[in-house]
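Below is one structure; the comments refer to it alone.
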Amino acid sequence: MIGRRWAGVILRELLRGATHFRQIGDAIPDITDKLLSERLKGFESEGILERVVLPTTPVTIEYRLTDKGRALEAVVREISSWAETWLPAEGAPGTVQAGEKRSTG
């Protein structure tokens with residue numbers, strides 16, 4: 001589950017304190033609602049987060065990391081640090097855009 005597309009970014013936002021679907025989605029502009037929903041359900045089924053329904057009007061849903069999910073903090077932090085060091089910023093020279101192939105020579 002952790003290696004799936006967007007999973008690391010979603011976990012990073014949960015670790016930063018995002019608890020609502022919209023907060024997470026707004027922090028990841030390129031993710032679709034459908035994919036975000038699928039990943040959150042997957043994390044819930046793996047015991048990484050819990051979905052809490054609050055008795056408000058309208059009903060509010062919160063996502064909270066479990067102990068198992070919080071245990072991933074060091075891993076997510078290290079991967080994020082590595083990415084910031086080694087992956088080029090979007091649009092920077094050498095960045096491969098969607099639909100392009102990286103040059104091998």
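Take 1 as the starting number for the sequence shown in this note's numbering and just add one per residue. For each residue, glycine too, the CB sits at the ideal point set by N, CA and C. Values in this document were obtained by computation on a predicted structure and should not be read as measured data.
- Look up GLU62 in the DSSP assignment and say whether it is helix, strand or coil. Working through the sequence shown from its first residue, we reach residue 62 at position 62. Residue state, collapsed to three classes: strand.
- Query: Can you tell me the Cα-Cα spacing of ALA98 and PRO55, whole angstroms?
  - Reply: Residue numbering aside, residue 98 sits at position 98 when the sequence shown is read from its first letter. Residue numbering aside, residue 55 sits at position 55 when the sequence shown is read from its first letter. Here ALA98 scores only 49 on pLDDT, less than 50, and its place in the model is too uncertain to base an answer on.
- Task: Tell me, please, whether the segment 70 to 82 touches the segment 7 to 16 by the rule of three or more beta-carbon pairs shorter than 8 Å.
- Result: The count of Cβ pairs closer than 8 Å, one atom from the segment 70 to 82 and one from the segment 7 to 16, reaches three, so the stretches are in contact.
- Item | Coarse secondary structure for GLU50, derived from DSSP in three states | The residue given as residue 50 occupies position 50 in the sequence shown. Strand.
- Message: Let's test the definition: count the other Cβ atoms within 10 Å of the Cβ of ARG39 and tell me whether it reaches 16, buried, or not, exposed.
- Response: Taking the first residue of the sequence shown as 1, we reach residue 39 at position 39. Around the beta carbon of ARG39, a 10 Å sphere encloses 16 or more other beta carbons of the protein chains shown; the residue is thus reported as buried.
- Three-state class that DSSP yields for ALA74 in the structure shown: Position 74 of the sequence shown, counting from 1, holds the residue named residue 74. Helix, per DSSP.
- Query: Should the segment 40 to 53 be regarded as contacting the segment 78 to 87, the criterion being three or more beta carbon pairs within less than 8 Å?
  - Reply: no
- Task: Out of THR57, LEU87 and PHE43, point me to the one whose CA is closest to ILE2's CA.
- Result: Residue mapping note: residue 2 aligns to position 2 of the sequence shown, counting from 1. The shortest C-alpha separation from ILE2 is found at PHE43.
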